[in-house]
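Novice: My numbering numbers the first residue of the sequence shown as 1024 and each following residue consecutively.
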Amino acid sequence: MISRIDQQFNFSQTALNLRAYRQELLASNIANADTPNFKARDIEFNSALNGALGKSASGSLALTKTAAGHLTAAGANRYDAPVQYRTEFQPSVDGNTVNMDIERAAFAENALQMEALLTFVKSDLKDLNAALQP
């Protein structure tokens, strides 16, 4: 029984962590809208969630440290979510690929998805609490 509860909350925790990470990336894009040569970045949430839960069909390639002076790749692929560059729709003179309309819409959509997930977690906790009451 405990393992099923743990599985349910592990999924929710992983999904919330990925949503928070995506929110950081989108906020970084918005903050750097005027930075020359800044490239907008994002993750594909569904494939990142499958990868973080170990359901990735393609499996990611691990970096190998071949010399003592090499840095480890710990954090290079946070939550097994490869960061991708957003394609630019309207080129700018300074090389910046941030489109504020797209970034704001993605930020709002991600925030809404995060709020919905938190509502589901709250409901699960309420149900669990009701089941534990005598």
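Don't be surprised by glycine CBs; every beta carbon is placed ideally from N, CA and C.
Can you name the residues that DSSP bridges to R1064?
Specialist: Answer by DSSP bridge pairing, in chain order: Y1108.
Novice: May I have the straight-line CA-CA distance separating K1088 from A1134, to the nearest angstrom?
Specialist: Distance between the alpha carbons of K1088 and A1134 is about 37 Å.
Novice: How many whole angstroms separate the CB atoms of R1042 and M1137, which I take to be in contact at a CB cut-off of 8 Å?
Specialist: Yes, R1042 and M1137 are in contact; Cβ-Cβ is about 4 Å, under 8 Å.
Novice: Between which residues of its own chain and L1140 is the CB-CB distance below 7 Å, once the five residues before and five after are set aside?
Specialist: Hits under 7 Å: S1035, A1038, L1039 and R1042.
Novice: Of all the options A1154, R1045 and N1122, which has the alpha carbon lying nearest to the alpha carbon of D1057?
Specialist: Selected option, being the one with the closest Cα: N1122.
Novice: Any idea if I1025 is buried or exposed, counting beta-carbon neighbours within 10 angstroms, 16 or more meaning buried?
Specialist: I1025 is exposed by the Cβ-count criterion.
Novice: With DSSP as the reference, label T1089 as helix, strand or coil.
Specialist: Coil at T1089, not helix or strand.
Novice: Using a Cβ-Cβ cut-off of 8 Å (strictly less than) and excluding sequence neighbours within five positions of I1028, which residues of its own chain qualify?
Specialist: L1151.
Novice: To which residues of the same chain is Q1113 closer than 8 Å at the C-beta, ignoring the five residues directly before and after it?
Specialist: Same-chain partners within the cutoff: N1122.
Novice: Should R1127 go down as buried or exposed, given a rule of 16 or more other Cβ atoms within 10 Å for buried?
Specialist: The residue in question, R1127, is exposed, as its Cβ has fewer than 16 Cβ neighbours within 10 Å.
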